[in-house]
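Structure record follows, encoded as structure tokens.
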Amino acid sequence: MTTTGTDRARPSLFRHRPYWRWSAATQFSRLPGTMAPLAFTALTTTTTGSYRAGAMMMVAFVAGQLVVSIPGGRSLDRTAPSRGLRRLLWCSAGTALAVGAAARLGAPVWGLLVAAGVCGAAAGGLSAGFRTLLARTVPESLLLRAVSVDATLLEVVIIAGPALAVTSAGWSPWAPVLGMAAAFVVSSLALPVGTPCATDAAGESGAGAEPIDWFRTLGWLACLFTIGQLLAALEVGALPLAARLTESEGRAHHTAALLIAVLAVASILGSALFAWRGRATTALAVLCLSGLAVGGTVVAFGDGWYALLGGLVLVGACTGPLLAVSSVNLQRVLPRARRSEGFSVAHVVQTVGFASGSLGLGVLDLDTAIALGAGSAVAAAVCLGVTSSGPASEHRPR
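Its first residue numbered 608, the sequence shown is counted upward by one per residue in the working numbering.
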């Protein structure tokens, strides 16, 4: 069969080299965050004899990210994204090395907490900066597929980060922290230069740009919060969920790992299918939220293997598409010159969702905590319906 001129002219994501450079840089920038929990634990277990100090370092790392995320996004809006990101990546690499040096020199626990907080702060604007750079790297026609493919690769990084940390810790307790620094450096080297859509942003500056219409973003931010809350409740609650199915403590740990793997694989497959055929519509977002609500409810109150696995598959399959639809539509309502700020807010909202899901398991029983995440999906669907049909501000993104 011959190929028409239209087919030859149609852009292809898989032949879009700047996107794959962006993707490589993005995945390496995410790797330190997924390595950090085990890296900090290995470090403090060796130097202080307590794994709890490592857990507190992770709290400080995330807190540093949240505090700096929005100001960091505003700063990136005032400069070329690739240039600002390169600076942040090198600063992040330096602070990761500083964490290892502080532990090596026998710094007290409070000193390690400060070092971890500074390391997190240095990386605070990376998530929003990379998402803004993506909008200037691929054309609008490829954006939805690009975000979907990225969601699939994110699941791979989430699995690869802890595995790499555990493997390198077997050589030396300082190796995972050095690996974090190396990942930041590799990310900076992989950054695309002279992105194809850079001319679209010429002359833009965050200063004096039109304001963000926050009302129109509320529904999409609610979707991101729901994803964080429900996934945290399911992942952190995997062990007690597994304990319901087996009486052996050893088998419970293996079963919990299986449950998380089922959730991750379902998410990867859902993102891959959506990248092939998906469309970024509000109706699809509501459908995915309904899937999260039903799947979360089945996991919370269902009985037996079939209910548990079925609920997890439904939640996982809806997560990737919902994340892609929310990201693309959020970009559409953000002014170009304030996208980094807007995506920084989105990153904070999703992180707060993760924190709330974990906190729910700490203060509520397992069923109620998971059901709360399912209820959050219903609330997000209502919020999305109101904000997508409600009056928009007179300030519209260009």
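Each residue gets a CB set at the ideal place from its N, CA and C atoms; glycine is no exception.
- Considered as a whole, the stretch 687 to 757 harbours 688 to 711, 716 to 729, 733 to 742 as its complete alpha helix (DSSP H) runs of no fewer than 4 residues, in chain order.
- Ala-742 is positioned such that its CB atom lies no closer than 7 Å to that of Leu-620.
- Excluding sequence positions up to five before and after Leu-968, its CB lies within less than 7 Å of the CB of Ala-840, Val-843, Gly-844, Ala-976, all in the same chain and listed in chain order.
- If the five residues before and after Thr-633 are omitted, its C-beta is found closer than 6 Å to the C-beta atoms of Phe-737, all from its own chain and listed in chain order.
- When DSSP states are grouped into helix, strand and coil, Ile-819 belongs to the coil group.
- Look at the beta carbons and you see the stretch 780 to 799 not touching the stretch 904 to 920: under three pairs across the two are nearer than 8 Å.
- A distance below 7 Å separates the beta carbons of Phe-832 and Gly-960.
- Within 10 angstroms of the beta-carbon of Tyr-626 lie 16 or more other beta-carbons, which makes it buried.
- Sixteen is the threshold: since fewer than 16 other Cβ atoms of the shown chains lie within 10 Å of the Cβ of Glu-747, the residue is exposed.
- Counting other Cβ atoms within 10 Å of its Cβ, Arg-946 reaches 16 or more and is therefore classed as buried.
- For Thr-926, the enclosing alpha helix (DSSP H) starts and ends at 912 to 940.
- Of all alpha-carbon atoms in Pro-799, Ala-729, Met-642, Ser-795, the one lying nearest the alpha-carbon of Ile-677 is that of Ala-729.
- Where Arg-943 is concerned, there is no enclosing alpha helix (DSSP H), because DSSP gives it neither an H nor an E.
- Around the beta carbon of Ser-657, fewer than 16 other beta carbons sit within 10 angstroms, so the residue counts as exposed.
- The beta carbons of Ser-995 and Ala-882 sit no closer together than 7 Å.
- Contact between Val-893 and Leu-991 holds, with the beta-carbon distance rounding to 6 Å and staying under 8 Å.
- By the C-beta criterion, the stretch 637 to 647 is judged to be in contact with the stretch 660 to 669, since at least 3 inter-stretch pairs fall below 8 Å.
- Ala-829 is the residue among Ala-829, Ser-965, Thr-958, Ala-944 whose C-alpha sits nearest the C-alpha of Ser-933.
- Listed in chain order, the non-local C-beta contacts of Leu-930 below 7 Å within the same chain comprise Ala-758, Ile-834, local neighbours out to five positions each way being set aside.
- Per DSSP, reduced to three states, the secondary structure at Arg-624 is helical.
- Secondary structure of Ala-649 (DSSP, three-state): helix.
- Look at Thr-888 here: in three-state DSSP terms it is coil, with no helix or strand label.
- Nearest Cα to Gly-877 within the set Ala-859, Val-920, Thr-853: Val-920.
- With respect to the C-alpha of Val-906, the residue from Ala-981, Val-952, Val-872 having the closest C-alpha is Ala-981.
- Assigned with DSSP and collapsed to three states, Thr-655 falls in coil, not helix or strand.
- Comparing alpha carbon positions, the residue from Gly-671, Leu-838, Val-764, Leu-720 closest to Leu-638 is Val-764.
- Assignment of Leu-971 by DSSP, reduced to helix, strand and coil, places it in the coil class.
- Rounded to the nearest angstrom, the Cβ distance from Ile-819 to Gly-731 is 19 Å, too far for a contact under 8 Å.
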